[in-house]
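A quick write-up on the structure given underneath.
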Amino acid sequence: MRTREDIEKLESQILAPFAMKSRDSGGREHAEPQHAVRTCYQRDRDRIIHSEAFRKLEYKTQVFVIMEGDYYRTRLTHTLEVAQIARTIGRNLQLNEDLIEAIALAHDLGHPPFGHSGEEALNEIMQKVGQEFNHNQRSFEIVNRIEKRYPGFDGLNLSREVLVGILKHQTLYDISGLSAQYPEGPTLEARVVDVADSLAYLNHDVDDGLKSGCITESDLAESDLWQRALGSIQDYHAFNPEMRRYQVVKQLIDMQIKDLLKTTAENLQRLNFSSSEAVKTFTAAKGSEPVVGFSPQMCGERDFLQDLLLHKLYYHYRVVRMTSKAKRIINDLFRVYEKDPRQLPYAIYPRGEDFDQGKRYGIICNYIASMTDRAAVEEHRKLFDAYTKV
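Following this line, the structure appears as structure tokens:
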């Protein structure tokens, strides 16, 4: 039987000097005995998978709300795709795959119903009381406070490196959180998850957009990246549209990962990190250059394709209708709860306590954010319809 110590010893032999080793972890906030056969990051991954917030990702929006069809990606399938891509990158760079997987599986736990439109709606509401809603911060709060599975502490008591990777996750749609408690920079494993996230949503939004009919191949023809991917497929004219879509999206991902690995390897050779601590010091510095990233040409091609999707897919009237409806549902629910918080469950809004407006808004915001898409729709049907008839 392979013990935890055996796995930790193996890590020191096969991982790169700059990789985060399990035995070098900054530990947990609440001390716990080490596990006999699992490293700290393996335990973190398992705790995340068994959490309530992770299960709810199955019914939360990526781009298309779940009522639009069974094919489109949900927040859960997106999360699994990010983990798969990130582990592939991490393995090639000789990084700690268990740490990568734990961060990847937790990076979107804080998303409210209806994806980014739900987040925008809640953030606009919370700004009225001088607060904000940020799904990165909420992901951190879920694993650090909201989940209650252990008698000795709130949260999942994850390792420090996983918490920093969640809190400081950063992409086009994710704003890195700041915390005096965690001043160090993210590990390379966390930066791999950042890039894998942006890579997954760009290419899989192309797939979902084409499948939905909201965009067509002619819409993407201006993209050099799309044209190169299409040109790399032999006899693509002979394929039916569905097979061609699969093959082009596969090529898009493969081309970007190869560019990423080559560029990142060159960066690592130039920067010559001697340890994971050297990485954390480097990434903590304000304005530090990206270590894990694409070549300038690939960055330009990705930006152009992203901009195409912004105007052709995200602004498509069907998507705009969905996002507008989602915001109306969020705002309606918030308004009804704020008018009469006694409609909230006892465990959410304790009776007999006098909450100020800021605290009351926070309670309602967290309650709505915990809902899935279908739960929010059903709650809206029950509560809002009943409220308007009074």
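Quick note on this note's numbering: the sequence shown kicks off at 1 and runs consecutively.
All C-beta atoms in this analysis are idealised placements derived from N, C-alpha and C, irrespective of residue type, glycine included.
Query: How big is the Cα-Cα spacing for D205 and A19?; Result: 31 Å
Query: With H, G and I counted as helix, E and B as strand and the rest as coil, what does DSSP make of K286?; Result: coil
Query: Is the region 248-265 touching the region 289-304, taking contact as three or more C-beta pairs under 8 Å?; Result: yes
Query: Looking at the strands, I want to know which residues DSSP matches up with Y150.; Result: F153
Query: Just verifying my parser: in three-state terms, what is the DSSP assignment at T281?; Result: helix
Query: For L74, which beta-bridge partners are listed by DSSP?; Result: Here residue 74 turns out to be Thr, not Leu, going by the sequence shown. T61, per the DSSP bridge assignment.
Query: Could you tell me which uninterrupted beta strand (DSSP E) segments, each at least 3 residues in length, are contained entirely in the region 242-321, listed from first to last along the chain?; Result: none
Query: I'd like to know whether the C-beta atoms of N96 and L199 end up nearer to each other than 8 Å.; Result: no
Query: Could you please give the first and the last residue of the uninterrupted alpha helix (DSSP H) stretch that includes D235?; Result: That residue, D235, is in no alpha helix (DSSP H); it is neither H nor E in DSSP.
Query: Grab me the residues of Q357's own chain with a C-beta within less than 8 Å of its C-beta, minus the 5 sequence neighbours each way, in chain order.; Result: V129
Query: Helix, strand or coil for T96, going by three-state DSSP, please let me know.; Result: Note on identity: in this sequence residue 96 is Asn, with Thr being the wrong assignment. In this structure, N96 counts as coil in the three-state DSSP scheme.
Query: Take G209 and list the residues in its own chain whose beta-carbon comes closer than 6 Å to its own, dropping the five residues that flank it on each side.; Result: I215 and L313
Query: Note down, in chain order, each residue of its chain lying with its Cβ closer than 8 Å to the Cβ of I85, except the 5 sequence neighbours on either side.; Result: A196, L199, A200, I253 and I257
Query: In three-state terms, what does DSSP make of H50?; Result: coil
Query: Can you tell which of E189, A369 and Q227 has the C-alpha that lies nearest to the C-alpha of K327?; Result: A369
Query: To the nearest angstrom, report how far apart L156 and L57 are at their CA atoms.; Result: 17 Å
Query: Between the C-alpha atoms of T382 and F334, what's the straight-line distance to the nearest angstrom?; Result: Looking at the sequence provided, one finds Lys at residue 382 rather than Thr. So the two alpha carbons sit approximately 14 Å from each other.
Query: If you draw a straight line from the alpha carbon of R55 to that of G185, how long is it in whole angstroms?; Result: 29 Å
Query: CB L158 to CB R28, shorter than 8 Å?; Result: yes
Query: Determine the direct distance from the alpha carbon of A36 to that of E8, and round the result to whole angstroms.; Result: 12 Å
Query: I need the DSSP call for Y367, collapsed to helix, strand or coil.; Result: helix
Query: Please state whether the Cβ-Cβ distance between D98 and T187 is less than 8 Å.; Result: no
Query: Measuring alpha carbon to alpha carbon, tell me which of E11, Y361 and D303 ends up nearest R91.; Result: E11
Query: Let me check understanding here. Comparing Cα to Cα, which of R351, F355, Q127 and Q343 lies closest to H380?; Result: Q343
Query: In terms of alpha-carbon separation, which member of R145, G110, F239 and D154 lies closest to F133?; Result: G110
Query: Which whole-angstrom value describes the C-beta separation of A102 and Y41, a residue pair presumed to lie in contact below a C-beta threshold of 8 Å?; Result: 5 Å
Query: Going straight from the alpha carbon of V82 to that of L309, what length do you get?; Result: 19 Å
Query: Could you check if P151 is buried or exposed, using at least 16 other CB atoms within 10 Å of its CB as the buried criterion?; Result: exposed
Query: I need the straight-line Cα distance from E119 to V162, nearest angstrom please.; Result: 23 Å
Query: Secondary structure at G110, three-state DSSP: helix, strand or coil?; Result: coil
Query: Assign G90 to one of three DSSP states: helix, strand, or coil.; Result: helix
Query: Between Q247 and F239, is the Cβ-Cβ spacing less than 8 Å?; Result: yes
Query: Going by alpha carbons, who is nearest to P341 out of S324, I329 and G362?; Result: G362
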